[in-house]
Amino acid sequence: MTTIVKTDPENPSIQSIETAAKTIREGGLVVFPTETVYGLGANAYSSDACLKVFRAKERPPDNPLIVHISDMEMLKEVTLEVSDEILKKLEKVWPGPVTILLQKSPKIPGTVTGGSSLVAVRMPEGKVALEVIRKAGVPIAAPSANISTRPSITDSRHAIEELDGRVDLIMDCGPTPQGVESTIIDISGGGCTLLRAGAKPVEELEKIFGPIKVTDFSRGLHESTIPLAPGMKYRHYSPTKKLYLASNVELLQKISELGEWREKISIISSDEICRNSKLQCTGLGDGSDLDVIARNLFSALRELDKMDCTIGLIQPFPEHGKGLAIMNRIRKASSGLIEDLDSINMLLQ
Ligand code: TXA
Ligand code: MG
Numbered sequence: 001m002t003t004i005v006k007t008d009p010e011n012p013s014i015q016s017i018e019t020a021a022k023t024i025r026e027g028g029l030v031v032f033p034t035e036t037v038y039g040l041g042a043n044a045y046s047s048d049a050c051l052k053v054f055r056a057k058e059r060p061p062d063n064p065l066i067v068h069i070s071d072m073e074m075l076k077e078v079t080l081e082v083s084d085e086i087l088k089k090l091e092k093v094w095p096g097p098v099t100i101l102l103q104k105s106p107k108i109p110g111t112v113t114g115g116s117s118l119v120a121v122r123m124p125e126g127k128v129a130l131e132v133i134r135k136a137g138v139p140i141a142a143p144s145a146n147i148s149t150r151p152s153i154t155d156s157r158h159a160i161e162e163l164d165g166r167v168d169l170i171m172d173c174g175p176t177p178q179g180v181e182s183t184i185i186d187i188s189g190g191g192c193t194l195l196r197a198g199a200k201p202v203e204e205l206e207k208i209f210g211p212i213k214v215t216d217f218s219r220g221l222h223e224s225t226i227p228l229a230p231g232m233k234y235r236h237y238s239p240t241k242k243l244y245l246a247s248n249v250e251l252l253q254k255i256s257e258l259g260e261w262r263e264k265i266s267i268i269s270s271d272e273i274c275r276n277s278k279l280q281c282t283g284l285g286d287g288s289d290l291d292v293i294a295r296n297l298f299s300a301l302r303e304l305d306k307m308d309c310t311i312g313l314i315q316p317f318p319e320h321g322k323g324l325a326i327m328n329r330i331r332k333a334s335s336g337l338i339e340d341l342d343s344i345n346m347l348l349q
């Protein structure tokens, strides 16, 4: 049985925090909001509780979980020694949507890290997340709350639809402010490599960590055979209906204004394009505001499955700031690139 507790994310009730913390301490599963997406959390020190996370979201056991902490004392518990230099840098990005790989302490079971000696750690900014971890008194291992391969959950409506009956508690706190997951970087080798583009733009992280290596892989351009972050070899963020990426905005606009393929294609684009679309269209917000586009992206991918259409077609966005994360998610969710009108006809045959 799943308990659903509604509370204000900005001003959560003490009772809701206590219920969630107690569930975690007792080895249960809690779906809770962070500033990025909803997480599906368990006590990071309990191998049994973490195994339940993998089962609940049908996640392969070799795809490790991020450990969420509430303060620097907890960082010391979950990692081996962290240098003062790195600590100073972490203090500049935490709490916030940045995840770092560090050497794990023996207190973190191998279940959490998929057998790796590195643990991914982040101190979330979301009030509910921070307070639940603090109250539980243990770090919380949590992947994004979606069932494996599905789009991440950025609204409690979707958490309830997808996870009712699979977890002990769902915190019903509405939409999450960022809408895309944390940025993951690896600083273990001396330099700094981007493992996953995310809510914190690379440009901002470079001011703190120095030059960051951004590979085609981290942009979602191709699936590498060497999984830098193990999760990336799996299908990701996918609606059930097939989604295609238009190779440029002009093409998408043309298709949407042609009005051919009505009831076959559903468009996902900026509000500006939606306004003139003759096809059904889900607006992601003002196209020049990538923060808004990021916030609405995953919900729009989920809405596609409810649309009366055969396929979805999505707009490309510029790859700066949050756009890097937006395009990474879009590429991974897509089944292919549409470069001209002919390829649509072929697809719909
Ligand atoms: O914003 C976020 O990061 C959200 C919220 C809930 O915090 N969490 C999230 O978790 O997106 P998840 O599990 O959906 O994505 C975490 C990624 C996965 O691709 C996983 O493979 C990678 O981080 N990862 C986790 N631990 C790792 C480790 N020890 N070594 C390498 N990659 C790791
Ligand atoms: Mg995920």
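1 is the number of the first residue of the sequence shown in the numbering used here; add one for each residue after it.
Idealized CB from N, CA, C, for every residue including glycine.
Note down the Cα distance separating PRO211 from ILE4, rounded to an integer number of angstroms. 44 Å
Does DSSP classify PRO230 as helix, strand or coil? Confidence in PRO230 is poor, its pLDDT being 40 and thus under 50, which makes the residue's placement too unreliable to answer from.
Would you say VAL202 and VAL121 are within 8 Å of each other, going by their C-beta atoms? no
Less than 6 Å between C-beta atoms, sequence neighbours within five positions excluded: which residues of the same chain meet that for SER247? Once the five neighbours on either side are set aside, the close Cβ partners of SER247 are LEU337 and GLU339.
Report all residues from its chain with a CB closer than 6 Å to the CB of ASP186; omit the five preceding and five following residues, and keep chain order. LEU101, THR193 and LEU195
Verify the CB distance criterion: does GLU250 have a CB-CB separation below 8 Å to chain C? Among the protein chains of the structure shown there is no chain C, as only one such chain exists.
Cβ shell of CYS274 (< 6 Å), same chain only, five flanking positions each side left out: CYS281 and GLY283
Span separating the alpha-carbon of LEU65 from that of VAL78: If you take the alpha carbons of LEU65 and VAL78, they lie about 13 Å apart.
Look up LEU40 in the DSSP assignment and give the residues it is bridged to. VAL31
State the Cα-Cα distance for the pair PRO230 and SER343, rounded to the nearest angstrom. Caution is warranted here: a pLDDT of 40 is assigned to PRO230, below 50, making its placement in the model unreliable, and the coordinate value is therefore given only provisionally. Spanning the two alpha carbons is a distance of roughly 33 Å.
Is it buried or exposed, ILE14, if we count other Cβ atoms within 10 angstroms and call 16 or more buried? exposed
Enumerate, from N- to C-terminal direction, the unbroken alpha helix (DSSP H) stretches of 4 or more residues contained entirely within the region 168–202. none
With DSSP as the reference, label GLU155 as helix, strand or coil. Note on identity: in this sequence residue 155 is Asp, with Glu being the wrong assignment. Note: ASP155 maps to strand in three-state DSSP.
Whose CA, out of GLU73, ASP286 and ILE293, lies closest to the CA of THR154? ILE293
Out of curiosity, what's the CA-to-CA distance linking SER144 and SER266? So the alpha carbons of these two residues sit roughly 26 Å apart.
Residue of MET307, ASP48 and GLY259 minimising C-alpha distance to SER277: GLY259
What is the DSSP secondary structure of LEU304, reduced to helix, strand or coil? helix
Counterpart residues of CYS281 in DSSP-defined beta bridges: ILE267
According to DSSP, simplified to helix, strand and coil, what is THR111? helix
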